[in-house]
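If you count the sequence shown from 1, position 49 lands on 46 in this note's numbering, and the numbers rise without skipping. The C-beta atom is built at its ideal place from N, Cα and C for all residues, glycine as well.
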Amino acid sequence: MIIIMEPHITQDSKEFKDLLEYLKRFPHLQIKVMEHKGVTRNLIEVHLIGEDYMVPLEEVEHLPGVEKAIKVTAKYRLIGRHGSLSDFGFEYQGIQFNQDSFHIFAGPCAVDTYENTEAIFKVLKDLGLCCARMGAYKPRTSPYDFQGHGKACLPWVFELAGKYGVKVIAMEVLAPHHIDEIKEALEEAGNPCGVVLQIGTRNAQNFELLKAVGRQRDFPVLYKRGYGLSLEESLNAVEYIASEGNTSIIFCLRGVRTHLGDPHRNLVDFAHVPVVKRLTRLPVCVDPSHPVGSKVKAPDGIRDIYHVTAQGVIAGANAVLVEFHPQPEKALCDGPQSLPLSELPVFVEYVQKVRETYLELRRLIQKHKT
Ligand code: PEP
Ligand code: MN
């Protein structure tokens, strides 16, 4: 069961203390209090973990200070919507991330040169984009492939981000000490920008890493669905992050591995955008670059990556994570699917049009209440 307190209740309120006293009647239950600083209100939730069928829901709902109480069936209790809970939403670097917001995280798969990085930030600034993607630590299939510059590149990447007003960089971490390296580099540079810690698909069930990003509160997390995992398994993996205290999480769909997706690199799973929005309280991102895996075009002249992006955005995605590089043929990682930087303005315009259409369609459906 989750007990949601009324907005004016704090952990010091008499009503809250009385509720905890009342719950002592059920000593076998584990009680977890979650305080979430939302965009529009503060939310205190009391989670009863264990055999809670003896707790009378209606009685609890009538206790002073309680807004509502709901039975929970899904195992991913913290991130779950459970039918009626509102989405989380969080603010980071002055930017809102929730199930209504929309952002584009464009950039290279992996940071390579200073010049390329500067060229990318410059275009982002010209387009008024405040988010980027950029890998310093790369999980590669072969140990002989480029592994990323690691912490060596962080000082100048962050400095350049600050110079061009890019506020948030999605950056993958492969191990807990990468979080510390990012934090230290940001502090040393005077915190010119922020970082969203990306959990890559290969680490989607690396529970110690998930717990590590969940324990810290400095950075939000962008979790990529495991390419060999069911949605349910990935949602339970995300719960590891939330259960450690960090609920500033974006869930990213990035395709799943099956030959049924051929000739794409992975099968595009963006039909799950509304599913994840319905089942969880998290903003949902789509990554069109990794499942498509190339820059091929359809006979209409539009690249598959664009078509696939549109599928995610029209389905209500809250973010797009996409690979761009000034010279894709020279990129040290994922060059084949990286779009040329010169194309970013048209990509952004294309995506914005799809987003506007989604909002228009949403209004249409709301008007007709279908
Ligand atoms: C990436 O975003 O560069 C990446 C490695 O993605 P994924 O974990 O989805 O393969
Ligand atoms: Mn990549």
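Ignoring anything shorter than 3 residues, give me the beta strand (DSSP E) runs that lie fully in the stretch 121 to 194, in order along the chain.
DSSP assignment within the stretch 121 to 194 yields the following whole beta strand (DSSP E) runs of 3 residues or more, N-terminal first: 128 to 130 and 165 to 169.
Which word fits Ser335, buried or exposed, when buried means at least 16 other C-beta atoms lie within 10 angstroms of its C-beta?
The sequence position of residue 335 within the sequence shown is 338, counting from 1. Ser335 is buried by the Cβ-count criterion.
Which ranges does the beta strand (DSSP E) cover as unbroken runs of at least 3 residues, wholly within the stretch 263 to 347, from first to last along the chain?
281 to 283 and 316 to 322
On the CB-based measure, 16 or more other CB atoms within 10 Å of its CB, does Asp142 come out buried or exposed?
Position 145 of the sequence shown, counted from the first residue, corresponds to residue 142. By the 10 Å Cβ count, Asp142 comes out exposed.
May I have the straight-line CA-CA distance separating Pro337 from Pro323, to the nearest angstrom?
Start at 1 with the first residue of the sequence shown, and residue 337 comes out as number 340. Start at 1 with the first residue of the sequence shown, and residue 323 comes out as number 326. If you take the alpha carbons of Pro337 and Pro323, they lie about 6 Å apart.
What's the gap between the Cα of Met51 and the Cα of Met(-2)?
For the purposes of this step, residue 51 is taken as the residue at position 54 of the sequence shown. For the purposes of this step, residue -2 is taken as the residue at position 1 of the sequence shown. Going from the Cα of Met51 to the Cα of Met(-2) covers about 11 Å.
Compare the beta carbon distance of Lys122 and Gly162 with 8 Å and say whether it is the shorter of the two.
For the purposes of this step, residue 122 is taken as residue 125 along the sequence shown, with counting starting at 1. For the purposes of this step, residue 162 is taken as residue 165 along the sequence shown, with counting starting at 1. Contact flag set, yes.
For Asn39, the three-state DSSP class (helix, strand or coil)
To locate residue 39, count along the sequence shown from 1; it is residue 42. Three-state result, Asn39: strand.
Between the stretch 189 to 202 and the stretch 164 to 172, are three or more C-beta pairs nearer than 8 Å?
yes
Give me the pocket residues for the ligand MN, defined as CB within less than 5 Å of any heavy atom, sorted by chain position.
Cys106 and Asp331
Below 7 Å, is the gap between the Cβ of Glu230 and the nearest heavy atom of the ligand PEP?
To locate residue 230, count along the sequence shown from 1; it is residue 233. No - the ligand PEP has no heavy atom lying nearer than 7 Å to the Cβ of Glu230.
Boundaries of the alpha helix (DSSP H) in which Lys72 is found, first to last residue:
Numbered from 1 along the sequence shown, position 75 holds the residue referred to as residue 72. From DSSP, Lys72 is part of no alpha helix (DSSP H); its letter is neither H nor E.
According to DSSP, is Glu398 helix, strand or coil?
In the structure as shown, the chain starts at -2 and stops at 367, and residue 398 therefore has no counterpart that could be examined.
Which residues share a DSSP beta bridge with Val57?
Position 60 of the sequence shown, counting from 1, holds the residue named residue 57. Its beta-bridge partners do not exist; DSSP assigns none.
Please tell me whether Leu279 and Ile247 are closer than 8 Å, where the distance is taken between their beta carbons.
Indexing the sequence shown from 1 puts residue 279 at position 282. Indexing the sequence shown from 1 puts residue 247 at position 250. Yes, the Cβ-Cβ distance between Leu279 and Ile247 is below 8 Å.
Check whether the Cβ of Gly197 lies closer than 7 Å to any heavy atom of the ligand PEP, and answer yes or no.
Within the sequence shown, the letter at position 200 stands for residue 197. Gly197 Cβ: within cutoff of the ligand PEP.
Leaving out five residues on either side along the sequence, give the residues of the same chain with a beta carbon under 7 Å from the beta carbon of Leu318.
On the sequence shown, position 321 is the one that residue 318 refers to. Excluding positions up to five away in sequence, the list reads Phe102, Arg130, Ala167, Cys249, Cys282 and Asp284.
For the ligand PEP, is there a heavy atom less than 7 Å away from the beta-carbon of Gly132?
Translated into positions along the sequence shown, residue 132 becomes position 135. Checking every heavy atom of the ligand PEP against the Cβ of Gly132, one is found closer than 7 Å.
Would DSSP call Tyr50 helix, strand or coil?
Numbered from its first residue, the sequence shown carries residue 50 at position 53. DSSP places Tyr50 in coil when its eight states are reduced to three.
Would Ile117 and Val63 qualify as a contact pair, given that the criterion is a beta-carbon distance under 8 Å?
As a position in the sequence shown, residue 117 is number 120, starting the count at 1. As a position in the sequence shown, residue 63 is number 66, starting the count at 1. No, Cβ-Cβ distance for Ile117 and Val63 is not below 8 Å.
According to DSSP, Gly104 sits in a beta bridge with which residue or residues?
In the sequence shown, residue 104 corresponds to position 107, counting from 1. Partner(s): Glu320.
Meets three-Cβ-pair contact criterion under 8 Å: the stretch 94 to 114 and the stretch 55 to 69:
no
Does the Cβ-Cβ distance between Arg38 and Pro61 come in under 8 Å?
Mapped onto the sequence shown, residue 38 falls at position 41. Mapped onto the sequence shown, residue 61 falls at position 64. No, they are not a contact pair.
Which of helix, strand or coil does DSSP assign to Lys65?
Residue 65 sits at position 68 when you count from the first residue of the sequence shown. Assigned with DSSP and collapsed to three states, Lys65 falls in strand.
Would the beta-carbon of Glu169 be found less than 7 Å away from any heavy atom of the ligand PEP?
Along the sequence shown, read from residue 1 onward, the residue named residue 169 stands at position 172. Result yes, Cβ under 7 Å from the ligand PEP.
Which two residues bound the contiguous beta strand (DSSP E) that contains Leu250?
Your numbering for residue 250 matches position 253 in the sequence shown. Segment Ile246 to Leu250, the beta strand (DSSP E) holding Leu250.
Asp109 beta carbon near the ligand PEP (any heavy atom closer than 7 Å):
Looking up residue 109 in the sequence shown gives position 112. Not under cutoff, so the answer is no.
State the DSSP-derived secondary structure class of Leu82, mapped to helix, strand or coil.
Position 85 of the sequence shown, counted from the first residue, corresponds to residue 82. DSSP places Leu82 in coil when its eight states are reduced to three.
Which term fits His256, buried or exposed, when burial requires 16 or more other beta carbons within 10 angstroms of its beta carbon?
Here residue 256 corresponds to residue number 259 of the sequence shown, with the count starting at 1. So His256 counts as exposed.
With DSSP collapsed to three states, give me the class of Leu219.
Residue numbering aside, residue 219 sits at position 222 when the sequence shown is read from its first letter. DSSP places Leu219 in strand when its eight states are reduced to three.
So does the stretch 195 to 202 actually touch the stretch 173 to 185, counting three or more Cβ pairs closer than 8 Å?
no
Applying the 10 Å Cβ sphere with the 16-neighbour rule, what's the burial state of Ile299?
For the purposes of this step, residue 299 is identified with residue 302 of the sequence shown, where counting begins at 1. Answer is exposed; the Cβ neighbour count stays below 16.
For His25, three-class secondary structure by DSSP:
As a position in the sequence shown, residue 25 is number 28, starting the count at 1. Correct three-state label for His25: coil.
Nearest candidate by alpha-carbon position, reference Gly132, set Glu115, Val154, Ser139 and Leu124
Start at 1 with the first residue of the sequence shown, and residue 132 comes out as number 135. Nearest to Gly132 by alpha-carbon distance, out of Glu115, Val154, Ser139 and Leu124, is Val154.
If you pair each beta-carbon of the stretch 266 to 276 with each one of the stretch 308 to 318, do three or more pairs fall below 8 Å?
yes
Taking the CB atoms as reference points, tell me whether Ala211 and Glu241 lie closer together than 8 Å.
Counted from its first residue, the sequence shown places residue 211 at position 214. Counted from its first residue, the sequence shown places residue 241 at position 244. Ala is not the amino acid found at residue 211; the sequence shown has Gly there. Cβ distance < 8 Å, so Gly211 and Glu241 count as in contact.
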